[in-house]
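In this note's numbering, the protein residues as written are 13 to 398.
Don't be surprised by glycine CBs; every beta carbon is placed ideally from N, CA and C.
Small disclaimer: the values here were computed from a predicted structure and weren't measured.
Structure follows, in structure tokens:
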């Protein structure tokens with residue numbers, strides 16, 4: 013994808029208040045009853061995906077002819093903010109569906125678009141497999157190889173930290189097809205989960221438990237040429253920038269719930285004959301959290317509006333990275349403050365403070381770490397940062 017080229021704008025718009033209310037109702041109905049058991053078992057409730065698809069929350073930006081809503085990043089932000097006010101981890105699945113689905117319907121042929129349509133309809137759970145054990149954020153050094161043999165590609169390699177990797181029906185997987193071309197010699201493949209030679213292994217995780225994480229081992233996995241997608245390094249890097257916007261919505265919702273809990277607890281928990289929130293040491297910490305939440309909201313929705321404007325990525329990447337950097341640092345501060353306000357009781361599994369604090373720790377290191385966002389911002393400022 014050319015970073016200098018204009019991008020298509022959303023085709024549709026919806027009233028924000030109505031859309032937010034719909035997402036809030038969905039959250040109360042489908043997220044609240046499911047997340048605790050899913051977290052405890054570290055299992056993804058596939059019924060949640062079906063419900064999200066039925067509500068139109070899968071394929072939010074996808075074309076209408078595939079069953080999508082043809083909306084924009086702003087609506088994705090609203091959806092994730094509202095769903096993550098209850099729990100931030102089930103909605104990781106929505107992020108994965110929308111990023112993987114975009115690669116299929118934006119760059120794929122008819123067969124790929126058919127998979128995307130099935131995904132939007134709730135009939136085909138997707139995963140996206142880019143990260144590798146040794147590469148991490150260094151996507152240009154992906155080592156998984158795809159070698160063509162006639163009308164078939166044979167894939168060998170490994171992937172790590174793949175959300176839903178062991179249960180997704182189809183994995184949109186990045187492999188090196190021509191090492192001589194470096195990052196230009198990469199392509200995505202739509203790989204069926206039950207392909208011989210593809211072996212998933214669940215990774216025990218402290219965070220993201222309701223959306224399980226897997227390692228993938230690929231040994232002579234045969235994929236038809238028709239499943240190769242005309243997208244590679246440039247397209248996934250653009251996709252990562254959109255994903256950074258989505259994680260802003262995720263953590264924005266998460267920190268709002270943590271702050272609301274902290275305020276309520278400070279009002280109702282009494283020591284020395286008065287609420288602990290009557291102490292400046294507690295009240296000022298929560299006031300600072302309010303600042304973090306409001307700044308995060310403004311940065312996030314400004315970046316989403318810039319994305320929806322259709323301006324070239326090069327012109328808006330500063331806004332995207334600034335929002336991602338601030339939000340993912342702020343959510344740690346806010347959840348840690350709520351944990352501190354809760355005191356010893358916050359360590360109890362009966363209260364949500366510890367769970368939210370643990371979940372937030374993954375925020376600064378995913379979809380481009382803090383250091384990567386700082387590097388992007390510094391270079392956009394004209395600083396020769398390498």
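Check                                                                                                                  : Outcome
Whole-number beta carbon distance between residue 369 and residue 347, since they are thought to touch under 8 Å       : 4 Å
Whole-angstrom C-beta distance between residue 172 and residue 144, which should lie under 8 Å                         : 6 Å
Beta-carbon spacing of residue 96, residue 72 below 8 Å                                                                : no
Separation of residue 183 from residue 198, as counted between CA atoms                                                : 16 Å
Ranges of the beta strand (DSSP E) found wholly within the segment 84–128, counting only runs of at least 3            : none
The segment 157–170 contacting the segment 276–283, beta-carbon criterion three pairs below 8 Å                        : no
Inter-stretch contact (C-beta, 8 Å, three-pair minimum) for the segment 220–227 and the segment 167–181                : yes
The segment 295–309 in contact with the segment 266–276 per 3-pair CB rule at 8 Å                                      : yes
Spatial neighbours of residue 253 in its chain, beta-carbon cut-off 7 Å, leaving aside the 5 residues before and after : 325, 329 and 332
Sub-8 Å separation of residue 210 and residue 168 beta-carbons                                                         : no
Three-state class that DSSP yields for residue 258 in the structure shown                                              : helix
The segment 289–299 touching the segment 347–358, judged by at least three CB pairs closer than 8 Å                    : yes
For residue 138 and residue 83, the rounded distance between their alpha carbons                                       : 20 Å
For residue 158, the residue or residues it bridges with in DSSP                                                       : 167
Neighbourhood of residue 103 by C-beta, 7 Å cutoff - its chain only, sequence neighbours within 5 removed              : 92, 95, 96 and 262
CA nearest to the CA of residue 74, picked from 34, 119 and 43                                                         : 119
Option in 221, 251 and 208 with minimal Cα separation from residue 232                                                 : 208
Coarse secondary structure for residue 207, derived from DSSP in three states                                          : coil
Same chain, Cβ closer than 7 Å to residue 316, neighbours up to 5 away in sequence not counted                         : 85, 86, 89 and 257
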